[in-house]
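Quick notes on the structure that follows.
Number of protein chains: 2
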Amino acid sequence: VSTPETRIRPQRADAQRNYDALLAIGADLLAEHGANLPFEEVARVAVVGKGTLYRHFPTRDHLIAAVLRQRFDQLADEADELLISTSPSNAVNMWLRSFDRIPERFRGLSARVGESLADDSSAVSTACIPMKEAFARLIHKAQADQQVRDDVDPVELLGVVAALPAGLRDEDGSSRYIDVILRGLRT
Amino acid sequence: VSTPETRIRPQRADAQRNYDALLAIGADLLAEHGANLPFEEVARVAVVGKGTLYRHFPTRDHLIAAVLRQRFDQLADEADELLISTSPSNAVNMWLRSFDRIPERFRGLSARVGESLADDSSAVSTACIPMKEAFARLIHKAQADQQVRDDVDPVELLGVVAALPAGLRDEDGSSRYIDVILRGLRT
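Sequence lines, in order, name chains A and B.
Per the working numbering, the very first residue in the first sequence carries number 864; after that it's consecutive.
Per the working numbering, the very first residue in the second sequence carries number 864; after that it's consecutive.
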């Protein structure tokens, strides 16, 4: 009954489940503590052994990099979906609202973590490139349709939104001035 | 011919001239070097003796405080003039463009310098209050005339404008995204 396949599958599913749990808890603790998040606490809260934690993430920075990559990839996917599912200006607005809710403590981590993992093939410093490219496609479509000002550069705009003051945010992390920016983008 | 008055007047005029020259050079060097500006260099460039420099400004922080106070007071005066000379929305736009051109290096200095001069009666920490109050009058008039969104708070808005990224500025110090903010303020 027990073929190699049936023996391997549950292991893989377990490994994936552990990885997902560690990543989810890692994201929570990163949002709460920033780059100094208590690393082994991630395993404890995820109810996963320390050995499993270290097998998936040799260092805290590997975990942080994986959390950032996941968030950036989700945002890239969201941009691709919005590109085909709604009007260009609505897509830009909805996507920038999502981007604006990236937890404050995630910001500025990419460069630091990317540096410490410079020898890693999955360097986090390049992790946000797909997200930036996907957002650029949204902006350029909206500009082609004359729904967004021509003088706006997508990557610069992300810098402006990311710089909105931390103190002026609602409980869900949205800046109370994101509406001013979105209104200001219109032609 | 030489009355006490004629003897005193040139001295006062000289003192004022020296003070103004030190303040102007101080503003230039502060914009260039930030809080670590070379203090005695101010006297050299202004062609004023070191003794005179130290008589007007006992420490570098006293000079920085005076430069900041002067800039904030100029902006307060400009707001008061705009309040009566143009439309509320135009006044808000013109004034925010001036505020946006405050040199990058001046930002964040108020708190630090204010702290070091806490025993000084002319504490710089309160120096920007008249400017904030004058801008609030502009915003509230524009809101009463329904030319600016109701959900904008004047002091918060200054925080948003001051946070516009340093890297996205033209040669005159204007943010290339101030237009997005100004457009976004409209009702």
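Even for Gly, the Cβ is constructed at its ideal location relative to N, Cα and C.
7 Å Cβ cut-off: residues of chain B touching residue i
i: A:PRO951; result: Under the 7 Å cutoff, chain B gives no residues; its nearest Cβ is about 17 Å from A:PRO951.
Bridge-paired residues (DSSP) for residue i
i: A:ARG829; result: In the structure as shown, chain A begins at 864 and stops at 1050. Residue 829 of chain A is therefore absent and cannot be evaluated.
Under 9 Å by beta carbon: chain A residues contacting residue i
i: B:GLU1019; result: PRO1028, GLY1030, LEU1031, ARG1039, TYR1040
Buried/exposed call for residue i, threshold 16 Cβ in 10 Å
i: A:ILE1044; result: buried
i: B:SER984; result: Summary for B:SER984: the model assigns pLDDT 49, below 50, so the residue's position carries little reliability; its value from the coordinates is reported in the next sentence. B:SER984 comes out exposed.
i: A:VAL910; result: exposed
i: B:ALA890; result: buried
i: B:ILE992; result: exposed
i: A:SER865; result: Its pLDDT being 48, under 50, A:SER865 is placed unreliably in this model, and the coordinates cannot settle the point.
i: A:ILE1041; result: buried
i: B:GLN937; result: exposed
i: A:ARG875; result: exposed
i: B:ALA878; result: exposed
i: A:PRO921; result: exposed
i: A:VAL930; result: buried
i: A:ASN956; result: buried
i: A:ARG934; result: buried
i: A:SER952; result: buried
i: B:SER1038; result: buried
i: A:PRO867; result: Confidence at A:PRO867 is low in this model, with a pLDDT of 49, below 50, so the placement of that residue is unreliable and no value is reported for it.
i: B:VAL1018; result: exposed
i: B:GLY914; result: exposed
i: A:ILE947; result: exposed
i: B:HIS1003; result: exposed
i: A:GLN1010; result: buried
i: B:HIS896; result: exposed
Contacts of residue i in chain B (Cβ-Cβ under 9 Å)
i: A:VAL1015; result: TYR1040, VAL1043
Short-range partners of chain A found in the stretch 911-925 of chain B, where Cβ spacing is below 8 Å: Along the stretch 911-925 of chain B, there is no position whose C-beta sits under 8 Å from a C-beta of chain A.
Residues in the stretch 1021-1049 of chain A having any Cβ partner in chain B nearer than 9 Å: With the criterion set as a beta carbon lying under 9 Å from some beta carbon of chain B, the members of the stretch 1021-1049 of chain A are GLY1022, VAL1023, ALA1025, ALA1026, LEU1027, PRO1028, GLY1030, LEU1031, SER1038, ARG1039, TYR1040, ASP1042, VAL1043, ILE1044, LEU1045, ARG1046, GLY1047, LEU1048, ARG1049, in sequence order.
My parser needs the alpha helix (DSSP H) runs of 4 or more residues fully inside the stretch 909-981 of chain B; what are they? Qualifying alpha helix (DSSP H) stretches, in chain order: 913-919, 923-948, 951-963, 972-979.
Can you list, in chain order, the stretches of the beta strand (DSSP E) that have 3 or more residues and sit fully within the stretch 872-898 of chain B? List check, beta strand (DSSP E) in window: nothing returned.
Ignoring anything shorter than 4 residues or poking outside the stretch 995-1032 of chain B, list the alpha helix (DSSP H) runs there in chain order. Listed in chain order, they are 1017-1025.
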